[in-house]
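Visitor: Residue numbers (my numbering): 1 to 491. Cβ coordinates follow ideal geometry from the N, Cα and C atoms, glycine included.
1) Does DSSP put residue 419 in a helix, a strand or coil?
2) Going by DSSP in three states, residue 219 sits in which element: helix, strand or coil?
3) Let's test the definition: count the other Cβ atoms within 10 Å of the Cβ of residue 202 and tell me whether it reaches 16, buried, or not, exposed.
4) Measuring alpha carbon to alpha carbon, tell me which residue in 364, 157, 464 is nearest residue 474.
5) From 257, 414, 249, 39, pick the residue whose C-alpha is nearest to that of residue 182; which is it?
6) Which of the three DSSP states, helix, strand or coil, is assigned to residue 490?
7) DSSP on residue 82, reduced to helix/strand/coil?
8) Given a cut-off of 8 Å on the beta-carbon distance, is the pair residue 137 and residue 278 in contact?
9) Tell whether a beta-carbon distance below 8 Å holds between residue 56 and residue 15.
10) Could you check whether residue 23 and residue 65 sit closer than 8 Å to each other, using their CB atoms as the reference points?
11) List in chain order: all unbroken beta strand (DSSP E) runs of 3+ residues lying wholly within the region 385-469.
12) Between 194, 200, 256, 398, which has its C-alpha nearest residue 217's C-alpha?
13) Ordered along the chain, which non-local residues of its own chain (more than five positions away) have a Cβ less than 6 Å from that of residue 403?
14) How about residue 400 and residue 333: do their beta carbons lie closer than 8 Å?
15) Classify residue 268 as buried or exposed, calling it buried when 16 or more other Cβ atoms lie within 10 Å of its own Cβ.
16) Smallest Cα separation from residue 482: which of 421, 431, 457?
17) Going by CA-CA distance only, name the one from 336, 44, 149 that's closest to residue 497.
18) Taking just the CA atoms, how far does residue 356 sit from residue 335?
19) Using a threshold of 8 Å, state whether the C-beta atoms of residue 344 and residue 230 are closer than that.
20) Who are residue 258's beta bridge partners in DSSP?
21) Is the separation between the beta-carbon of residue 18 and that of residue 184 shorter than 8 Å?
22) Between residue 392 and residue 214, what straight-line distance do the alpha-carbon atoms span, to the nearest angstrom?
23) Rounded to whole angstroms, what's the CA-CA distance from residue 244 to residue 5? Just pull it up for me.
24) Going by DSSP in three states, residue 305 sits in which element: helix, strand or coil?
25) If we call anything under 8 Å between Cβ atoms a contact, is residue 147 one with residue 90?
26) Which residue wins for smallest C-alpha separation from residue 383, given the options 427, 407, 347?
27) Would you kindly check if the distance between the Cβ of residue 125 and the Cβ of residue 142 is under 8 Å?
28) Where in the region 145-228 do unbroken runs of the beta strand (DSSP E), each at least 3 residues long, occur, reported from the N-terminal end onward?
29) In or out: residue 11 buried (at least 16 other Cβ within 10 Å) or exposed?
30) With distances taken from CA atoms, which of 88, 106, 83, 87 is nearest residue 100?
31) Would you verify that the beta carbon of residue 286 is, or is not, closer than 8 Å to some beta carbon of chain C?
32) Comparing C-alpha positions only, which one of 240, 273, 298, 236 sits nearest to residue 337?
33) Is residue 263 closer than 8 Å to residue 311 when the C-beta atoms are compared?
34) Quick test of your reading: residue 437 and residue 454, contact by CB under 8 Å. State the CB separation rounded to the nearest angstrom.
35) What's the call for residue 313, buried or exposed, on a 16-neighbour Cβ count within 10 Å?
36) What does DSSP give as the partner residues of residue 515 in its beta bridges?
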């Protein structure tokens, strides 16, 4: 077992190196700064071998999307192939995210799958980028890229790439990010081949299998030790507009360290983008249960095997095409994690254990009609977590852009950024570039808006809730007030 642990540590290091390589070589700010991606190695079944991620959204989704790829290309994969999928209904979640995988053959057999799941800058949809607060269909959010081959026997399928890029308003960024991911996948494949040449395929597969079993046992023991036997139902009303909400109900059970989720009673949201796929729901629930230890271990299939769920088809957590999913990570996930944490703690989870914390968002772009129109994510601050410092766990590990980068690259001047007397982060940015349009989103809960966005033009102030195509003229100011969850203050 010790030899297997040492060998597995080298395998996990390849997954981490894959993730770091993507972050260093990608071009779009969403990957280099927002870190909206994850990297993983999988077996040919597929089982998750090792995964490196920067936020909780990807936990189940690389495995689920690679499973969709295998289902499509089960008898049509060869050496040098690279396949991809970007579809909420093919193992995915939110639109604009692609999973790109490179099947690795060794001794003539498919043995491993290096894969990267990453949010692209723009893959069509009604507006540039990924923020559409009023989407009612997935096609309003992005093109559905069902499984396709990007490379066949090592040769680029130019028609496939051309189709993807012609459906993007940020063609150069998307092209550069895909090229960076493909190069990183090939480097990871070479590292895996070298490892198997050195240690042998059988030893490598044994190390993977033993580690998965060991991880499941450790995870089950942790759930049992921390929470014991749980059988509790929690519910909330998820606001989906100013005057409408949807029931989110989950019965959480634990038995022998296994986490069961039953969403009977959960409503549907066919007219909005708050829907969440089953893979997302299971992933966020797992994070809710193991948040205190996940950073200290390498996520693998042993952890994923700890969770099962049932849900009504067509509900908020098991939607049917063409339901939109764009705000599932930004909103629905936070409510779900809060419910699961509360259930695991017997309905009395202390504030300092909270992982959730929604916040407002702005995505700006040139006026609709511009052919080259990469969106600009404006996020000069963050919500303060219930622990009283730093962003909530579900915010991930994004890097906050510096004032210099914001000004030089995006032509926005960071006028101020500080913690105000109310304990919240206040930030003001000014548009020093051309006229832009923007989509604004302010999440809500039972207490009203969580955070505040104000547009100031020529001294006139306009407090905005969720809105699309808001004109941001040169000299226009956007004031952000982020919520704090340390005191459960109103936004």
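Guide: In brief:
1) strand
2) helix
3) exposed
4) 364
5) 39
6) Because the pLDDT of residue 490 is 43, which lies under 50, any placement of that residue in the model is unreliable, and the number read from its coordinates should be weighed accordingly. Coil, per DSSP.
7) strand
8) no
9) no
10) no
11) 412-419, 425-431, 436-441, 452-457, 460-464
12) 256
13) 414
14) no
15) buried
16) 421
17) There is no way to answer for residue 497, as the model of the chain reaches only from 1 to 491.
18) 7 Å
19) yes
20) 255
21) yes
22) 30 Å
23) 51 Å
24) coil
25) yes
26) 427
27) yes
28) 145-152
29) buried
30) 83
31) The chain labelled as chain C is not found in the depicted structure, where only one protein chain is given.
32) 236
33) yes
34) In fact, because the Cβ distance is near 17 Å, the residues do not count as touching under 8 Å.
35) exposed
36) Absent from the model: residue 515. The displayed extent of the chain is 1 to 491, so no value can be given.
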